[in-house]
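Visitor: The numbering of the sequence shown is the working numbering, which starts it at 1 and goes up by one.
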Amino acid sequence: MAQQKLSMPTWSSRTVFLLAAIGSAVGLGNLWKFPYVAGENGGGAFVLVYLACILLIGVPVLIAELTLGRSARANPIQAMHQHTQQDRANKLWVGLGVNGMLAGILILSFYSVITGWSLAYFFDSLQGDFLQIPPAQAEQHFAALLASPWQLLFWHTLVMIITTSIVARGLRSGIEKAINIMLPGLLLILMVLLIYAVGTGAFAESFAFLFTPDFSKLSWQGVLVAMGHAFFTLSIGMAAMMVYGAYLDQRTSIVKASLVIAVADTLIALLAGLVIFSIVFANQLPPSSGPGLLFQTLPMAFGQMWGGWFFGTLFFALVFFAALSSAISLLEPTLSWLEHNRGIGRMKGALGLGGLVWLIGIGTVLSFNQWSELTLIGDKTVFALLDFLTANILLPAGGLLICLYLAWVMARPRRQAELRLEGIWQTLLLWDLRWVAPLAILWVFVSNLFSASSTALWAFLSVLVLYGFFVAYQTRSREEA
Ligand code: TRP
1 MAQQKLSMPT WSSRTVFLLA AIGSAVGLGN LWKFPYVAGE NGGGAFVLVY
51 LACILLIGVP VLIAELTLGR SARANPIQAM HQHTQQDRAN KLWVGLGVNG
101 MLAGILILSF YSVITGWSLA YFFDSLQGDF LQIPPAQAEQ HFAALLASPW
151 QLLFWHTLVM IITTSIVARG LRSGIEKAIN IMLPGLLLIL MVLLIYAVGT
201 GAFAESFAFL FTPDFSKLSW QGVLVAMGHA FFTLSIGMAA MMVYGAYLDQ
251 RTSIVKASLV IAVADTLIAL LAGLVIFSIV FANQLPPSSG PGLLFQTLPM
301 AFGQMWGGWF FGTLFFALVF FAALSSAISL LEPTLSWLEH NRGIGRMKGA
351 LGLGGLVWLI GIGTVLSFNQ WSELTLIGDK TVFALLDFLT ANILLPAGGL
401 LICLYLAWVM ARPRRQAELR LEGIWQTLLL WDLRWVAPLA ILWVFVSNLF
451 SASSTALWAF LSVLVLYGFF VAYQTRSREE A
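1) Anyone know if the C-beta pair for R415 and T67 falls short of 8 Å?
2) With respect to 7 Å, is the separation between the Cβ of N75 and the closest non-hydrogen atom of ligand 1 below this value?
3) Heavy atom of ligand 1 less than 7 Å from the Cβ of M238, yes or no?
4) Should the segment 39-53 be called in touch with the segment 235-251, which here means at least 3 C-beta pairs below 8 Å?
5) For the alpha helix (DSSP H) that Q86 lies in, which residues bound it at each end?
6) Where do the N-terminal and C-terminal ends of the alpha helix (DSSP H) with G398 fall, by residue?
7) What number of angstroms, rounded off, separates the C-alpha of L376 from the C-alpha of F277?
8) Sorted by chain position, which residues of the same chain lie with C-beta nearer than 7 Å to P60's C-beta, five sequence neighbours on each side aside?
9) Here's the rule I'm using: 16 or more other beta-carbon atoms within 10 Å means buried, otherwise exposed. How should W358 be labelled?
10) Count the other CB atoms within 10 Å of the CB of I195; is the residue buried (16 or more) or exposed (fewer)?
11) Any chance the segment 286-300 sits against the segment 35-44, with 3 or more Cβ pairs inside 8 Å?
12) Our contact map puts S112 next to M160 with C-beta atoms below 8 Å; I'd like the distance itself, whole angstroms only.
13) Output needed for Q4: all residues of its chain with C-beta closer than 6 Å, excluding positions within five of it in sequence on either side, in chain order.
14) Drop a sphere of 10 angstroms on the beta-carbon of R412, count the other beta-carbons inside from all chains shown, and report buried for 16 or more, exposed for fewer.
15) With the cut-off set at 8 Å, would you say G199 and F281 are in Cβ contact?
16) Pick out whichever of N75, I393, T163, M238 has its Cα sitting closest to the Cα of G104.
17) Using 10 angstroms around the beta-carbon of A481, count the other beta-carbons present and answer buried if the total reaches 16, otherwise exposed.
18) Between A25 and the rest of its own chain, which residues show a CB-CB distance below 7 Å, the 5 nearest in sequence each way excluded?
19) Please work out which residues of its chain come closer than 7 Å, Cβ to Cβ, to A230, disregarding the five sequence neighbours upstream and downstream, and give them in chain order.
20) Check whether the Cβ of N283 lies closer than 7 Å to any heavy atom of ligand 1, and answer yes or no.
21) When you compare only the Cα positions, how much space is there between T15 and G170?
22) Excluding five sequence neighbours on each side, which residues of the same chain lie with their C-beta closer than 6 Å to the C-beta of G354?
23) Can A25 be considered in contact with ligand 1, in the sense that its beta carbon sits closer than 7 Å to one or more heavy atoms?
24) Using the three-state DSSP reduction, which class does L248 fall into: helix, strand or coil?
25) Considering Cα atoms alone, identify which of M300, L285, F215 is closest to Y121.
26) Which complete alpha helix (DSSP H) runs does the segment 12-44 hold, if anything under 4 residues is left out?
27) Please name the residue in F302, G95, T390 whose C-alpha comes closest to that of L131.
28) Can you name the start and end residues of the alpha helix (DSSP H) that Q416 belongs to?
29) Going residue by residue through the segment 91-118, where are the continuous alpha helix (DSSP H) segments of at least 4 residues, counting only ones entirely within it?
30) Please find out if some non-hydrogen atom of ligand 1 comes closer than 7 Å to the beta-carbon of F321.
31) Determine the closest residue to V444 out of M305, A417, L395, with distance taken between C-alpha atoms.
32) Along the alpha helix (DSSP H) that carries E422, what are the first and last residues, could you check?
33) With a threshold of 16 other CB atoms inside 10 Å of the CB of P134, please say whether the residue is buried or exposed.
34) Are H156 and V365 touching if we call contact CB-CB under 8 Å?
35) Can you find the residues in the same chain that come closer than 6 Å, C-beta to C-beta, to I441, ignoring five residues on each side of it along the sequence?
36) Drop a sphere of 10 angstroms on the beta-carbon of D387, count the other beta-carbons inside from all chains shown, and report buried for 16 or more, exposed for fewer.
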């Protein structure tokens, strides 16, 4: 492996690290996916399971991922390379870094297309397109956007240009600058919308929907969705947090930082849910309208409301900011690897990588129109397949490897130097990372496999799981030797 001696950049302050990590975590997952999956799965009970997943799986894996990053101070591949050397572990663990980079590229390819929708809607709303819009027309508006490959391509291209030009400038003058503007903006907009929702929406009804658990409405499938979503929403399992951790100074407590990130992410998802459902309920619209909730139901609701033009436009600005601050974290692991291990300058690397993601994204663009009939493994369109492959396979696989490595393989003193936990907390965390999290993740794996009921997926998954066991076994027997 060619190793360039480039010094690793560091965050200019702990606050900006926290903002960037929260910016990565808070995105379409919180504003678009969480409300609609909560709506589809009946609200309260789903939210409860989701919270449990965040606490029992999300936070521990986040801690583990930041730890692996900071202790090596290197990009994911280089980091795992160093870890395996120091712990005398099997080199195959480097696969964890590769898996992460692959996941990041694939996620961004469709994430960018959806971020493009929010940008399109921001401008449409600004133009007053949604004023007094009747239901049929709101559906039509969304359908028309999806039906036009050129429009989708235009917005996807714009998002990729913006994302690439931010990361190309590097950590301090690119990512930090963007984060310093976007995150405060995002929080401010959310607060304004919250006040608006309390004033004009069906706030109490929305609150009851999200916080009164009715377990009869929750299926096992819903539990799986909750778990997969916990991974996606915290940005874990693909080494994005690992590389953000690599830029972190030694004094910051990883455990505390992880709690702050998880609490902020969860709070923002819940607040966004409250805002969205109060507006939905105030207009007697159904909470269970699926992926179209944000782009069909909401514009319609805003269109009927006092100040709807202003607050609706503000809302789509919020979605865009949130999505963009996540998009940059999806490129960073690979970019850092290109720069430090391949000697490819940031600008060049960003252009090449951005171009590649843009190209793959065209598959998602077309899957909504030209290729909508084209289904691949398990009857999925290109977009659905990418979503499934990343959220249900690659991220959990990454998460599984991350907790296994930290809990079973990493030498104790090295782990302890980062975690700095004592007594019961240390025991609890390790126990969770050794047993609870891996078993839960494996369960998701296997169940998803059954529900997908496709031979190709079965084969793919079995190989992944076997690979995991093989690696774990190899490393353990070396440790014992
Ligand atoms: N967490 C983001 C969201 O909720 C998405 C995201 C950003 C992500 N970076 C990630 C997901 C890394 C998984 C891994 O929208």
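No residue lacks a Cβ here, since even glycine has one placed at the ideal position from N, Cα and C.
Guide: Working from what's here:
1) Taking the C-beta atoms as reference points, T67 is found nearer than 8 Å to R415.
2) Distance from the C-beta of N75 to the nearest heavy atom of ligand 1 is not below 7 Å.
3) Distances from the CB of M238 to the heavy atoms of ligand 1 include at least one below 7 Å.
4) no
5) Counted as a single uninterrupted DSSP element, the alpha helix (DSSP H) harbouring Q86 occupies residues 76-86.
6) 395-404
7) Between the C-alpha atoms of L376 and F277 there is a straight-line separation of about 34 Å.
8) C403, L429, D432, L433, A437
9) W358 is classed as buried because its beta carbon has at least 16 other beta carbons within 10 Å across all chains shown.
10) I195 counts as exposed, since fewer than 16 other beta carbons sit within 10 angstroms of its beta carbon.
11) yes
12) 5 Å
13) Its pLDDT being 44, under 50, Q4 is placed unreliably by the model, and the measurement read from it follows with that caveat. Excluding five sequence positions before and after Q4, the CB atoms of its chain that fall closer than 6 Å to its own CB belong to H340, G343, given in chain order.
14) By the 10 Å Cβ count, R412 comes out exposed.
15) no
16) M238
17) Its pLDDT being 49, under 50, A481 is placed unreliably in this model, and the value from its coordinates should be taken loosely. Exposed, because fewer than 16 other Cβ atoms sit within 10 Å of the Cβ of A481.
18) T233, L234, S235, I261, D265
19) Y50, C53, I54, I57, G58
20) no
21) In this structure, the straight-line span from the alpha carbon of T15 to that of G170 is close to 18 Å.
22) Around G354, the same chain offers M160, T164 as residues with beta carbons nearer than 6 Å, after the five sequence neighbours per side are excluded.
23) yes
24) coil
25) M300
26) 14-25, 34-40
27) Cα-wise, what sits closest to L131 is F302.
28) 412-419
29) none
30) no
31) Selected option, being the one with the closest Cα: L395.
32) Counted as a single uninterrupted DSSP element, the stretch harbouring E422 is not any alpha helix (DSSP H), since DSSP gives it neither H nor E.
33) Exposed, because fewer than 16 other Cβ atoms sit within 10 Å of the Cβ of P134.
34) yes
35) P396, G399, L400
36) buried
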